[in-house]
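If you read the sequences in order, they're chains A and B. So that you can map any letter, position 155 of the first sequence is 155 in our numbering, and since no number is skipped, the others follow by simple counting. So that you can map any letter, position 105 of the second sequence is 105 in our numbering, and since no number is skipped, the others follow by simple counting. What follows is a set of notes on a single structure, which appears directly below.
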Amino acid sequence: MRAIGIILAGGNNHRMKELTRKRAIAAMPVAGAYRSIDFALSNMTNSHIQKVAVFTQFNARSLNEHLSSSKWWDFGRKQGGLYVFTPTVTAENNSWYRGTADAIYQNLSFLKNSHEPYVVIASGDGVYKMDYNKVIEYHIEKKADITVVCKDINDDDVERFGVLKMNEESRVEDFEEKPVVARTNTVSCGIYVIRRRQLIELIEKSAEEERFDFVRDILIRYKSLKRIYGYKIKEYWSNISTVSDYFKTNMDFLNKDVNDYFFRTYPDVYSKVEDLPPAKYNVGATVSNALISSGCILNGTVEDSVLFRKVFVGNNSYIKNSIILNDVYIGDNAHIENCIVESRGTIRANAYYKGEGGIQVVVAEGERYIM
Amino acid sequence: MVVKKEMIAMLLAGGQGSRLGVLTTHMAKPAVPFGGKYRIIDFPLSNCINSGIDTVGVLTQYQPLKLNTHIGIGTPWDLDRNMGGVRVLPPFERNVNSEWYTGTANAILQNIEYMESYNPDYVLILSGDHIYKMDYEVMLDFHKQNEADVTIAAMPVPIEEAKRFGIVITDDNRRITEFEEKPEHPRSNLASMGIYIFTWKALKEALMANEDQSNLDFGKHVIPYLHDKQQRMFAYEYNGYWKDVGTLNSYWEANMELIDIIPEFNLYEEYWRIYTKSITLPPQYIAPGSVVEKSIIGSGTTIYGKVYNSVIGCDVVIGEGTEVHDSIIMNDTKIGKNCKLEKAIIAEDAVIGDMVKMGVGEEAENEDFPNIYNHSLVTIAENTVIPSELSIGKNTVMSGTFTLDEFQDGILPSGKSFIKGGDR
Numbered sequence: 001m002r003a004i005g006i007i008l009a010g011g012n013n014h015r016m017k018e019l020t021r022k023r024a025i026a027a028m029p030v031a032g033a034y035r036s037i038d039f040a041l042s043n044m045t046n047s048h049i050q051k052v053a054v055f056t057q058f059n060a061r062s063l064n065e066h067l068s069s070s071k072w073w074d075f076g077r078k079q080g081g082l083y084v085f086t087p088t089v090t091a092e093n094n095s096w097y098r099g100t101a102d103a104i105y106q107n108l109s110f111l112k113n114s115h116e117p118y119v120v121i122a123s124g125d126g127v128y129k130m131d132y133n134k135v136i137e138y139h140i141e142k143k144a145d146i147t148v149v150c151k152d153i154n155d156d157d158v159e160r161f162g163v164l165k166m167n168e169e170s171r172v173e174d175f176e177e178k179p180v181v182a183r184t185n186t187v188s189c190g191i192y193v194i195r196r197r198q199l200i201e202l203i204e205k206s207a208e209e210e211r212f213d214f215v216r217d218i219l220i221r222y223k224s225l226k227r228i229y230g231y232k233i234k235e236y237w238s239n240i241s242t243v244s245d246y247f248k249t250n251m252d253f254l255n256k257d258v259n260d261y262f263f264r265t266y267p268d269v270y271s272k273v274e275d276l277p278p279a280k281y282n283v284g285a286t287v288s289n290a291l292i293s294s295g296c297i298l299n300g301t302v303e304d305s306v307l308f309r310k311v312f313v314g315n316n317s318y319i320k321n322s323i324i325l326n327d328v329y330i331g332d333n334a335h336i337e338n339c340i341v342e343s344r345g346t347i348r349a350n351a352y353y354k355g356e357g358g359i360q361v362v363v364a365e366g367e368r369y370i371m
Numbered sequence: 001m002v003v004k005k006e007m008i009a010m011l012l013a014g015g016q017g018s019r020l021g022v023l024t025t026h027m028a029k030p031a032v033p034f035g036g037k038y039r040i041i042d043f044p045l046s047n048c049i050n051s052g053i054d055t056v057g058v059l060t061q062y063q064p065l066k067l068n069t070h071i072g073i074g075t076p077w078d079l080d081r082n083m084g085g086v087r088v089l090p091p092f093e094r095n096v097n098s099e100w101y102t103g104t105a106n107a108i109l110q111n112i113e114y115m116e117s118y119n120p121d122y123v124l125i126l127s128g129d130h131i132y133k134m135d136y137e138v139m140l141d142f143h144k145q146n147e148a149d150v151t152i153a154a155m156p157v158p159i160e161e162a163k164r165f166g167i168v169i170t171d172d173n174r175r176i177t178e179f180e181e182k183p184e185h186p187r188s189n190l191a192s193m194g195i196y197i198f199t200w201k202a203l204k205e206a207l208m209a210n211e212d213q214s215n216l217d218f219g220k221h222v223i224p225y226l227h228d229k230q231q232r233m234f235a236y237e238y239n240g241y242w243k244d245v246g247t248l249n250s251y252w253e254a255n256m257e258l259i260d261i262i263p264e265f266n267l268y269e270e271y272w273r274i275y276t277k278s279i280t281l282p283p284q285y286i287a288p289g290s291v292v293e294k295s296i297i298g299s300g301t302t303i304y305g306k307v308y309n310s311v312i313g314c315d316v317v318i319g320e321g322t323e324v325h326d327s328i329i330m331n332d333t334k335i336g337k338n339c340k341l342e343k344a345i346i347a348e349d350a351v352i353g354d355m356v357k358m359g360v361g362e363e364a365e366n367e368d369f370p371n372i373y374n375h376s377l378v379t380i381a382e383n384t385v386i387p388s389e390l391s392i393g394k395n396t397v398m399s400g401t402f403t404l405d406e407f408q409d410g411i412l413p414s415g416k417s418f419i420k421g422g423d424r
């Protein structure tokens, strides 16, 4: 056991609009049967990292519920386990996590009481598969102080990310967080490897100086002083931080290559198992290019969409290019196009929702009459 | 340490279920898949935990590997307990008189020590081959109210079918006055469901008294013994859905009943969930151009073809241009392109080539096992490989790895069996 894991799952993002009213981004449902944090957790367990801390703060109820048992990811062993750390009031401290570095500082005993030499820090909002051991090996080989996993993206919105500039040896020369104009298209994936003692030292120093953010106050501040290296990946990686990212990430799973890469290639992605019956297609159900999860009952038409668990679709309803989250009831003759329907919503019969010029988030909290 | 459980359950899961043909070649009947993601034993196990029974002994004997793997330490049913939980109980060697489980009651008799270790007041006897939801706690209340020694769950059946069952005859207070095993002229239509609650003392006494009886059986020996002793026996009437899936046809029917618009046996109710061992699986993918109608489909399955009136398991692939009608396809089976399947039961991990036809041609009775393979069904055993372009007739069975040159004109005619490796 070479490393322990830290998953930063405390964040929120106003660009997720209504979707994070209910939950932290790390708890956002992804690909029909998963939550965003499942990817980082599965990567940890598949990389044989058995001791993992999850830092949560914002709207953590849904996430805590998801993590209520660690057995789904095969944690909960005698050695190691899954630790969920929410801010607590102590004799020394009575504030919330003021930033990612502060979150680690407030739980520094977790790091101090471990014996593993390395720490893998990941965020709870990335959708990817990765063997963190490869990053650790690279980190050792480069004699790096900090290794940052990064990826070249063709997106127009490079500016939403931390942007790196590396030299030929992959040493990070420049790191800018959400720059106004990006100088490269290499972005940080928010996954770092660092020696445990090094991390403790840097975190303690930052705390002394009342600095609280891991990226700004450690990565960027120490970029020339410390040996920071970039580990570039080519595989699929997506980060959920805006409604359109979220929509696109889910729709990516309709692509056979992406789907096979995640779910039919070793190793697996794990999630909390829900005991739901298989999906049921009644007469009148017409489904084309769609992901349908267990517990769904379909009577209408579904095209180019992702349906999460326990969605009911009424007669003659039409769902196109949409994402329907868990436990949504859709009455008869409803029309839903270019939408994300928030979980546990009730769409009444004959309702019409169509996202014009973008994706519409539908929150339909109503009484449910029929079931 | 004092251990005390008011009621424990003993689940008889050792039977082969030979009338399910090749489906039970390598697994006991309770391990046979059902309803897209379940196995038959999930129903009594889920009933137990939903009824508040947390101590269950599962008696295994015939082909237990699949069953043992499925049950594990009982996690899916919340039966992984510090005290109690699920315990698999195979027959074992003793100093003297070692034997297999020779009958239903003999199996229970051989596990007296297990039962005694929980110091129970009542013991519930179940079998692992029925599909139903039942609250055993309500049955226990009935048992206690009557201060009964044994309570037998019984359900009304059409009188013309009554001769296939053990029939109980009761007085107005539901006290059993007589018991007839498969009577020629039934005098009642209350059929025993093979579910018994015994007061532990009465059960133990009856088992010990009949210790030397060979093939000790509840219906044949224990119940008549208690009856002769004038013990208090009551019939608990049950009126819900209860399906014996002992034959291929009843198994097929019970699966098909799940796809009705509002099935009589509803898996979608919030209350009384059925639990099963499941791994995390991605959602199913339904490709453009495919049709899925009146079917249930398990997680991880990919459908490019057309599926009508069928029950499809998890991680199945149904290729482009393939049409599936009135069939049961179990987990991990892959079906090629442009096939046409009619009334097929295809067990787990089978590989079906392209342009395969099943259920075609004239009706003809199965020549070797007409009592097993009938009702026009095509039965394909697990791990079977069917070559492309093969046409398979009705009332047929296939098991093994096949190539097309083994068949004259690329046809397995109706009524034929082709079973390799001595499997039956």
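All C-beta atoms in this analysis are idealised placements derived from N, C-alpha and C, irrespective of residue type, glycine included.
The beta-carbon distance between Ile136 (chain A) and Ala53 (chain A), rounded to whole angstroms, is 17 Å. This is too long to meet the 8 Å contact definition. Cβ contact annotation for Pro263 (chain B) (same chain, cutoff 7 Å, sequence separation greater than five): Glu257, in chain order. The residue among B:Ser290, B:Gly194, B:Thr280 and B:Gly359 with its C-alpha nearest the C-alpha of Lys343 (chain B) is B:Gly359. Inter-residue distance for Ile108 (chain B) and His70 (chain B) is about 22 Å (C-alpha atoms, whole angstroms). Between the region 148 to 166 of chain B and the region 281 to 296 of chain B there are fewer than three inter-stretch CB-CB distances shorter than 8 Å, so the stretches are not counted as touching.
Under the Cβ criterion of 9 Å, Gly74 (chain B) is not counted among the residues facing chain A. For Asp156 (chain A), none of the residues of chain B pass the 7 Å Cβ criterion, the least Cβ distance being about 29 Å.
As summarised for the region 137 to 216 of chain B, the continuous beta strand (DSSP E) elements at least 3 residues long and confined to that stretch are 150 to 156, 166 to 170, 176 to 181 and 190 to 199, given in chain order. With contacts defined as CB atoms closer than 9 Å, Pro370 (chain B) and Asn395 (chain B) qualify as a contacting pair.
In this structure, Thr60 (chain B) keeps its C-beta atom at 9 Å or more from the C-beta atom of Arg81 (chain B). When secondary structure is reduced to three states using DSSP, Arg81 (chain B) falls in the coil class, being assigned neither helix nor strand.
Ranked by Cα distance from Trp252 (chain B), the first of B:Phe218, B:Thr280, B:Ile328 and B:Gly321 is B:Ile328. By the rule that beta-carbons nearer than 9 Å mark a contact, Gly305 (chain B) does not touch chain A. For the region 33 to 48 of chain B, the beta-carbon criterion of a distance under 8 Å to any beta-carbon of chain A is satisfied by Gly35, Gly36 and Lys37.
Under the 9 Å criterion on CB atoms, Ile347 (chain A) is classed as non-interfacial with respect to chain B. Under DSSP, Asp405 (chain B) takes part in no beta bridge, so it has no partner. Of B:Val222, B:Asp212 and B:Thr302, the smallest CA-CA separation from Ala105 (chain B) is found for B:Val222.
Short of 6 Å from the beta carbon of Asp349 (chain B), and not among the five residues preceding or following it, lie these beta carbons of its own chain, in chain order: Asp332, Glu382 and Asn383. Listed as beta-bridge partners of Val362 (chain A) by DSSP are A:Val341.
For Ile121 (chain A), same chain residues with a beta-carbon under 6 Å away, outside a window of 5 residues either side, are Ile6 and Tyr192 in chain order. Chain-ordered, the chain B residues with CB closer than 8 Å to the CB of Gly32 (chain A) read Pro282 and Pro283. Closer than 9 Å to the CB of Ser391 (chain B) there is not a single CB belonging to chain A.
Under the DSSP definition of a beta bridge, Asp244 (chain B) partners with B:His130. The secondary-structure analysis by DSSP pairs Thr75 (chain B) with nothing; it has no beta-bridge partner. The DSSP-derived three-state label of Ala101 (chain A) is helix. With a cutoff of 9 Å on beta-carbon distance, Val123 (chain B) and Val88 (chain B) are scored as not near each other. When 7 Å is used as the limit between beta carbons, Val283 (chain A) is near these residues of chain B: Glu293 and Lys294, in chain order. Scanning its chain for C-beta atoms nearer than 6 Å, with the 5 sequence neighbours on each side dropped, one finds around Leu219 (chain A) the residues Phe175, in chain order. At a beta-carbon threshold of 7 Å, the residues of chain B lying near Ala279 (chain A) are Gln284, Ile296 and Ile297, ordered along the chain. Contact between Ile41 (chain B) and Met115 (chain B) does not hold, since their C-beta atoms are separated by about 20 Å, which reaches or exceeds 8 Å. Against chain A, the CB of Ile346 (chain B) has no partner CB under 9 Å away; the residue lies outside that interface. The shortest C-alpha to C-alpha distance from Val150 (chain B) to any of B:Gly84, B:Lys204 and B:Leu190 is the one to B:Lys204. Contact between the region 151 to 163 of chain A and the region 272 to 292 of chain A is absent, with fewer than three C-beta pairs closer than 8 Å. By the Cβ test, the region 32 to 51 of chain A is in contact with the region 279 to 291 of chain B, since at least three Cβ pairs between them sit closer than 8 Å. Ile419 (chain B) has a beta carbon lying at 9 Å or more from every beta carbon in chain A. Neighbours of Asn259 (chain A) across chain B, judged by C-beta separation under 8 Å: Pro282 and Tyr285.
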